[in-house]
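First comes the structure, then the notes that go with it.
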Amino acid sequence: MAAQFPEVVLASGSPRRRELLTLLGVEFRVQVSGEDEDSLETDPHKLAAELAALKGRSVAALNPAALVIAADTVVAVDGVLLAKPANSTENADFLRQLSGRTHQVFTGVSVFVGGNERTEVARTDVTFRTLSETEMEFYAQSGEGLDKAGGYGVQGLGQALVSHIDGEFSNVVGFPMSVVIGLLRGHGVPVWGALAQEAAPA
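Just so it is clear: in the sequence shown, position 147 is 147 by the numbering used here, and no numbers are missing.
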């Protein structure tokens, strides 16, 4: 008899998270929460956890038999939070704050199943090259960073801004694979496709 495991629902509209979960061979559907995700929390680690849980909680309430997974990414430099820039001018200002410095990327991942909730947070330190004004303006005008925390995308043109990454690359993309794999396997969901279930390490 085939192993039974819960349906997986991704509570995120991020195309990057959809792509990474698909690469793991996980069958899932997307349902995005319409809940307000604002928070007064200023600690980036706690904020990432709180926002991920907020994203998933309302979707989990609508899908009690499913495993709901949600994530949220927070970028901070010297404790100052950098959200998604509102426009290219703010994007260029973010890059000036990041240029030649190391900042932190936190992604909270929350899983809801059977009335239970678990959240883990991954951290990666990212160091930018010292950028010229021309580079910063060019990148800001490209529009790539407008829908991303911190104002850049490390998997695209934004990788040219980076000199060093200390930690998990996929965390900077917004979906730390080691955390996601651990949470899914912990609830009986196979990764690398259903046939990998028996071969998965304990």
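Ideal placement from N, C-alpha and C gives every residue a C-beta, glycine not left out.
- A distance below 8 Å between beta-carbons, with the five flanking residues on each side excluded, links leucine 20 to the following residues of its chain, in chain order: Ser170, Val173, Phe175, Met177, Val180.
- In the displayed model, threonine 134 falls within a helix according to three-state DSSP.
- For serine 88, the uninterrupted alpha helix (DSSP H) segment begins and ends at 88-98.
- Looking at the backbone, the Cα of alanine 65 and that of valine 9 are separated by about 10 Å.
- A direct Cα-to-Cα measurement between leucine 161 and leucine 67 gives close to 36 Å.
- Between aspartate 72 and alanine 86, the C-beta gap is not smaller than 8 Å, which leaves the two residues out of contact.
- Nearest Cα to valine 80 within the set Ala60, Thr89, Phe106: Phe106.
- Of Ser142, Ala70, Gly153, Phe94, the smallest CA-CA separation from threonine 119 is found for Ala70.
- With respect to the 8 Å criterion, arginine 129 and serine 88 are not classified as neighbours on the basis of their beta carbons.
- By a beta-carbon distance limit of 8 Å, glutamate 144 contacts glycine 156. Their separation comes to about 5 Å.
- Sorting Lys148, Pro190, Gly186 by C-alpha distance to the C-alpha of arginine 16 places Lys148 at the top.
- For histidine 103, the enclosing beta strand (DSSP E) starts and ends at 102-113.
- At a cut-off of 4 residues, the continuous stretches assigned as alpha helix (DSSP H) that sit fully inside the segment 120-197 are 133-142, 169-173, 177-186.
- The Cβ-Cβ distance between valine 126 and glutamine 97 does not fall below 8 Å.
- Straight across, the Cα-Cα distance linking leucine 131 with valine 121 is about 29 Å.
- Within the model, the alpha-carbon separation for valine 189 versus serine 110 is close to 15 Å.
- Per DSSP, reduced to three states, the secondary structure at alanine 83 is coil, with no helix or strand assignment.
- Per DSSP, the continuous beta strand (DSSP E) segment holding leucine 10 begins and ends at 8-10.
- Under the three-state reduction of DSSP output, alanine 70 falls in the strand class.
- Here glutamate 50 carries a helix assignment [DSSP, helix/strand/coil].
- Annotation for glutamate 7: Ala66 place their beta carbon closer than 6 Å to its own, counting only its chain and skipping 5 residues before and after.
- In the three-state scheme derived from DSSP, where H, G and I count as helix and E and B as strand, alanine 76 is classed as strand.
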